[in-house]
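Structure, as structure tokens:
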Amino acid sequence: MKDLPTQPRDLDGNPVTPGLPMAMLAEITHRCPLACPYCSNPVELTRAAEELPAEDWARIFREAADLGVLQVHISGGEPGARRDLAQIVASARDAGLYVNLITSGIGITRARLEELDQAGVDHVQLSLQGIRPDMADRISGHPGSWDKKMGFAGWVAEIGFPLTINAVVHRQNMERLPDMIALAETLGARRIEVATVQFHGWADLNRKALMPTREQAVFARQVVNDARTRLRGKLVIDYVPADHHAVYPKACMGGWGSTGLNVGPDGSVLPCHAAGSITWMRFENARDRSLSDIWHLSESFNAFRGTEWMPEPCQSCDRKTLDFGGCRCQAMAIAGDARATDPVCSKSPLHAQVVARAEADAATDTTADTAELIYRRMKKTRELQG
Amino acid sequence: MEPLIRPDDIPYLPRGVRLQQDRVRGIRVLQAPERAMQLDAIGDAILSELDGRRSMAAITGDLAARYNAPSEQIAGDIRDFLTGLIERRMVFLKPLEIDAEDQP
Numbered sequence: 017m018k019d020l021p022t023q024p025r026d027l028d029g030n031p032v033t034p035g036l037p038m039a040m041l042a043e044i045t046h047r048c049p050l051a052c053p054y055c056s057n058p059v060e061l062t063r064a065a066e067e068l069p070a071e072d073w074a075r076i077f078r079e080a081a082d083l084g085v086l087q088v089h090i091s092g093g094e095p096g097a098r099r100d101l102a103q104i105v106a107s108a109r110d111a112g113l114y115v116n117l118i119t120s121g122i123g124i125t126r127a128r129l130e131e132l133d134q135a136g137v138d139h140v141q142l143s144l145q146g147i148r149p150d151m152a153d154r155i156s157g158h159p160g161s162w163d164k165k166m167g168f169a170g171w172v173a174e175i176g177f178p179l180t181i182n183a184v185v186h187r188q189n190m191e192r193l194p195d196m197i198a199l200a201e202t203l204g205a206r207r208i209e210v211a212t213v214q215f216h217g218w219a220d221l222n223r224k225a226l227m228p229t230r231e232q233a234v235f236a237r238q239v240v241n242d243a244r245t246r247l248r249g250k251l252v253i254d255y256v257p258a259d260h261h262a263v264y265p266k267a268c269m270g271g272w273g274s275t276g277l278n279v280g281p282d283g284s285v286l287p288c289h290a291a292g293s294i295t296w297m298r299f300e301n302a303r304d305r306s307l308s309d310i311w312h313l314s315e316s317f318n319a320f321r322g323t324e325w326m327p328e329p330c331q332s333c334d335r336k337t338l339d340f341g342g343c344r345c346q347a348m349a350i351a352g353d354a355r356a357t358d359p360v361c362s363k364s365p366l367h368a369q370v371v372a373r374a375e376a377d378a379a380t381d382t383t384a385d386t387a388e389l390i391y392r393r394m395k396k397t398r399e400l401q402g
Numbered sequence: 257m258e259p260l261i262r263p264d265d266i267p268y269l270p271r272g273v274r275l276q277q278d279r280v281r282g283i284r285v286l287q288a289p290e291r292a293m294q295l296d297a298i299g300d301a302i303l304s305e306l307d308g309r310r311s312m313a314a315i316t317g318d319l320a321a322r323y324n325a326p327s328e329q330i331a332g333d334i335r336d337f338l339t340g341l342i343e344r345r346m347v348f349l350k351p352l353e354i355d356a357e358d359q360p
């Protein structure tokens with residue numbers, strides 16, 4: 017195992033100053049009963065045999081709290097796929113962390129949810145794939161998912177957890193956004209996160225079916241603005257807009273290696289959940305090193321810290337400390353260069369090309385009934401060997 | 257816009273929202289679903305008063321007395337601060353309960 021550098025430096029060797037992380041995403045498993053075609057997990061999924069045991073998670077949570085992390089988002093895959101989920105939750109609370117449970121609601125019974133209440137889950141975030149059984153079951157690739165989710169939401173309310181609805185929007189469902197917000201109200205949610213599909217990994221394989229049109233992006237923005245006014249003090253709406261139709265890119269992770277870190281099922285520690293798509297980057301593992309060393313000294317976390325690494329047009333741009341040049345993974349995917357200006361930025365030389373491709377994808381003739389979706393599934397062992 | 261909070265309302269921190277010491281940074285924070293908010297001394301003082309029993313008016317009176325400040329000013333500070341948190345659903349309100357029986 018190679019030693020870590022002794023000083024934090026970006027990928028050009030410029031000195032950088034790491035801050036402290038606030039939040040950690042703990043993807044404790046990639047196993048999931050659902051098969052959503054825009055899943056944020058990598059296309060190469062980690063198998064059950066490679067998953068960290070609960071004792072390792074307990075140590076990682078203590079290291080995270082010592083490092084300054086305040087909140088952990090326990091996610092997957094479906095975290096409920098791990099039988100020791102309650103033990104993992106309890107160890108996060110013991111470390112002093114605020115525990116968000118991000119779940120599909122599938123496979124967690126009422127009794128288990130009560131166990132998770134005892135273990136100390138602070139907040140439940142439930143994903144919904146549609147506002148009715150047909151769409152929900154089709155997008156999730158799981159017949160019966162809708163009924164199970166509605167049952168789960170009812171238990172969440174009965175036990176009294178604060179609830180956030182997690183709604184991913186894309187071309188197939190964007191017109192139903194007002195209904196999705198109304199459903200969140202009906203379910204008694206305090207918050208709804210409306211996130212336009214981010215075109216990495218699985219979602220990128222399904223661009224033609226999922227890319228929203230410009231009109232849809234404008235519509236969604238208007239729906240969100242109106243609902244925020246109408247539901248002030250009743251329902252909080254967090255919104256991730258469609259960046260392919262925006263003028264400026266999203267602020268990737270609020271700045272690379274600035275506020276958050278992601279630990280995968282096998283203990284790999286990434287600056288963001290999609291960072292594995294930067295194929296030349298080497299990632300450390302929490303089995304081998306402390307989170308503090310990885311956060312402060314690893315090449316991956318320091319690569320894009322600060323602003324010195326930025327090329328033009330970012331380097332002379334007055335927005336460079338607002339959006340940090342956008343998403344590194346998107347730069348990698350579209351420009352073939354992780355340090356390039358995010359190609360969705362209107363100042364990128366690739367912007368016209370990105371818009372043309374997005375519009376062509378969005379114009380692809382697919383309807384909810386006929387679109388071919390590539391579902392997120394783990395490869396069978398036989399396929400791996402073959 | 258309609259004021260979200262009135263003098264008779266009892267503000268409280270709902271389940272999933274808690275005041276906490278951030279031992280690494282040495283600050284006070286309000287932890288809530290997907291949010292951790294750094295508090296200054298005034299914010300911490302106001303939120304520490306939310307016991308789920310006293311109304312806005314009662315809390316205002318207590319803080320005005322403790323800090324020897326005009327209650328109109330204190331009321332404005334509390335209202336502005338709590339309104340932001342009510343909008344983010346980090347503080348809830350319940351109406352002042354009036355005892356049904358006339359107790360001595």
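Chain order of the listed sequences is A and B. Residue numbers for the first sequence follow the numbering used here, beginning at 17 and rising by one. Residue numbers for the second sequence follow the numbering used here, beginning at 257 and rising by one. For each residue, glycine too, the CB sits at the ideal point set by N, CA and C. Keep in mind the model is a prediction, meaning the values are calculated, not measured.
Note on the segment 129-178 of chain A: whole alpha helix (DSSP H) runs with a minimum of 4 residues are 149-156, 161-175, in chain order. A65(A) carries a helical assignment under DSSP once its states are collapsed to helix, strand and coil. Rounded to the nearest angstrom, the gap between the Cα atoms of N30(A) and G322(A) is 9 angstroms.
Counting every other CB atom within 10 Å of its CB across the protein chains shown gives W171(A) a total of 16 or more, marking it as buried. For A258(A), no alpha helix (DSSP H) run applies, since DSSP gives it neither H nor E. Under the rule that a run must span 3 or more residues, the beta strand (DSSP E) segments found entirely inside the segment 264-349 of chain A read 276-279, 284-286.
According to the DSSP assignment, N241(A) belongs to the alpha helix (DSSP H) that extends over 230-246. Here the alpha carbons of T245(A) and L50(A) stand approximately 34 angstroms from one another. Going by DSSP, S107(A) is part of the alpha helix (DSSP H) stretching over 101-110.
Against chain A, the beta carbon of R344(B) has neighbours under 7 angstroms at V252, listed in chain order. Cβ-Cβ separation between I342(B) and G249(A): approximately 5 angstroms, consistent with a contact (criterion under 8 angstroms). The continuous stretches of beta strand (DSSP E) do not include Q214(A), and DSSP gives it neither H nor E.
The Cβ neighbour count for Q277(B), taken over all protein chains shown within 10 Å, is under 16; the residue is labelled exposed. According to DSSP, residue pairing for P34(A) in a beta bridge does not occur. Residue-level contact by beta carbon fails for G96(A) and chain B, as no gap is shorter than 9 angstroms. Of all residues in the segment 95-124 of chain A, only Y114, N116 place a beta-carbon less than 7 angstroms from a beta-carbon of chain B. Q329(B) counts as exposed, since fewer than 16 other C-beta atoms from the protein chains shown sit within 10 angstroms of its C-beta. Pairing V213(A) with P228(A) gives a Cβ-Cβ distance under 9 angstroms. Across the set G96(A), H186(A), G204(A), the C-alpha of G204(A) shows the shortest separation from the C-alpha of A173(A). Excluding five sequence positions before and after A267(A), the CB atoms of its chain that fall closer than 8 angstroms to its own CB belong to L338, D339, F340, G342, given in chain order. Secondary structure of I283(B) (DSSP, three-state): strand.
By the beta-carbon neighbour count (other beta carbons within 10 angstroms, threshold 16), Q145(A) is buried. In the DSSP assignment, V88(A) falls outside any alpha helix (DSSP H) and lies within the beta strand (DSSP E) extending over 87-91. The bridge partners DSSP lists for N116(A) are H89(A), H139(A).
Per DSSP, the beta-bridge partners of D278(B) are I283(B). Neighbours of E328(B) in chain A, taken as residues at a C-beta separation under 7 angstroms, are lacking, since the least C-beta distance is about 24 angstroms. The contact set of G249(A) on chain B, defined by CB atoms closer than 8 angstroms, consists of L260, I342, E343, R345 in chain order. Residues of the segment 72-83 of chain A that bring their beta carbon within less than 9 angstroms of a beta carbon in chain B comprise A81, D82, L83, in sequence order.
Exclusion of the five residues before and after A200(A) leaves I181, I208, L251 as the residues of its chain whose Cβ lies within less than 7 angstroms of its Cβ. The beta carbon of R310(B) does not come within 9 angstroms of any beta carbon belonging to chain A, so the residue lies off that interface. Here A243(A) has P194, I197, L251, I253 as same chain residues with Cβ atoms under 8 angstroms from its own Cβ, once five neighbours each way along the sequence are excluded.
Counting only Cβ-Cβ distances below 8 angstroms, R271(B) has contacts in chain A at G176, F177, P178, in chain order.
Under the DSSP assignment, M312(B) falls in the alpha helix (DSSP H) whose first and last residues are 312-323. R148(A) is outside the set of residues whose beta carbon lies under 9 angstroms from a beta carbon in chain B. Neighbours of R207(A) in chain B, taken as residues whose beta carbon is under 8 angstroms from its own, are P289, E290, R345 in chain order. In the DSSP assignment, the residues bridged to P267(B) are L349(B).
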